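For reference, the structure discussed in these notes is given below.
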Amino acid sequence: MQRQADGTGAERRWGVRDGFGIAVVILCLVVGTGLILLLTGLWKRFARETIPTVVGLPGGSWALGAALGVITVLGVIGGLRCTPGAPGGPRMARGLRSWGTAICCSAAFGPLFYLLAGLRARNCRSMSCAYLPGTGTAFLAYVVTAGLVGWSVHRWTSARAAEQLAREQMRVRRLRKKGGGKSRAARR
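Okay, so the sequence shown: first residue is 477 according to the numbering used here, each after it adds one.
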């Protein structure tokens, strides 16, 4: 067995527990990678089977792209609102905020990956990754809608924040005028 130096300068031996820990980490990595690949494949299959049906609905691919763009913007807004502001608080509240953030992030990134799964893969020659009609225009509508709606929401929230800041500054000015710019101790 090898000896390992710990932080105190004393040496300790590699044991069965260390080997078991390394094996568990490697097993978790292998299983995690397999699950990620499985979920990615299932998502792509789901998207490739449902996109032709959804594109065939009234409004076509333009409506699909616009709807998915709005869902993305709403997911981003929700994700930013759900993130915890301060650490601490009840455990249940932190758990609910974490779940809310995860759901909103899924809503933000899900539509993008849904449309990307419908586009033709770069180096794929099989029929399972052929171009699905309407996905290009849906992707274009998605990008334009997400950009315009996101920009307008950003402008609106920025204007509200600037208005609130101006009101607060005006309130502070009025309070200073009332006191004549002097502290309470100086006025006495």
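Using N, Cα and C, we set each Cβ at its ideal position, and we do this for glycine too.
Keep in mind that this is a model prediction, so the values were computed, not measured.
Query raised in the report: VAL546 and ALA622: beta carbons closer than 9 Å?
Result: If you number the sequence shown from 1, residue 546 lands on position 70. If you number the sequence shown from 1, residue 622 lands on position 146. Taking 9 Å as the Cβ cut-off, VAL546 and ALA622 qualify as a contacting pair.
Report task. Assign ILE498 to one of two classes, buried (16 or more other C-beta atoms within 10 Å of its C-beta) or exposed (fewer than that). Result -> Stepping through the sequence shown from its first residue, residue 498 is reached at position 22. By the neighbour-count rule (16 or more Cβ atoms within 10 Å), ILE498 is not buried but exposed.
Query raised in the report: Which class does PRO534 belong to by DSSP, given the choice of helix, strand or coil?
Result: Within the sequence shown, numbered from 1, the residue matching residue 534 stands at position 58. Three-state DSSP puts PRO534 in coil, outside helix and strand.
**Report entry** Nearest-angstrom Cα separation, counted from CYS580 out to LEU533
**Finding:** Locating residue 533 in the sequence shown gives position 57, counting from the first residue. Locating residue 580 in the sequence shown gives position 104, counting from the first residue. Cα to Cα, the separation comes out at about 26 Å.
Report task. Count the other CB atoms, across all protein chains shown, that sit within 10 Å of the CB of ALA637; report buried if there are 16 or more and exposed otherwise. Result -> Stepping through the sequence shown from its first residue, residue 637 is reached at position 161. Exposed: under 16 other Cβ atoms inside 10 Å.
Requested in this report: Please state whether DSSP places ARG647 in a helix, a strand or coil.
Outcome: Here residue 647 corresponds to residue number 171 of the sequence shown, with the count starting at 1. ARG647 falls in the helix class under three-state DSSP.
Query raised in the report: So what does DSSP say about THR611, is it helix, strand or coil?
Result: To locate residue 611, count along the sequence shown from 1; it is residue 135. It is helical.
Query raised in the report: To the nearest angstrom, how far is it from the Cα of ARG650 to the Cα of THR633?
Result: If you number the sequence shown from 1, residue 650 lands on position 174. If you number the sequence shown from 1, residue 633 lands on position 157. Going by the C-alpha atoms only, they are around 26 Å apart.
Query raised in the report: Does DSSP put LEU592 in a helix, in a strand, or in coil?
Result: Translated into the one-based positions of the sequence shown, residue 592 becomes position 116. Reduced to three states, the DSSP call for LEU592 is helix.
Query raised in the report: So which of GLN640, VAL507, VAL625, ALA593 has the shortest CA-CA distance to THR516?
Result: Sequence index remark: in the sequence shown, residue 516 carries index 40 (1-based). The shortest C-alpha separation from THR516 is found at ALA593.
**Report entry** Residue ranges of each beta strand (DSSP E) within the stretch 491-531, 3 or longer
**Finding:** none
Query raised in the report: Skipping 5 residues on each side, what residues in its chain have a beta carbon closer than 7 Å to that of GLY555?
Result: Position 79 of the sequence shown holds residue 555. Hits under 7 Å: THR577, CYS580, CYS581, ALA584.
Query raised in the report: ARG647: buried (16+ other C-beta within 10 angstroms of its C-beta) or exposed?
Result: For the purposes of this step, residue 647 is taken as the residue at position 171 of the sequence shown. Exposed, since its Cβ has fewer than 16 Cβ neighbours within 10 Å.
Query - Neighbourhood of LYS436 by C-beta, 6 Å cutoff - its chain only, sequence neighbours within 5 removed - result: One cannot answer for residue 436 here, as it falls past the ends of the chain, which runs 477 to 664.
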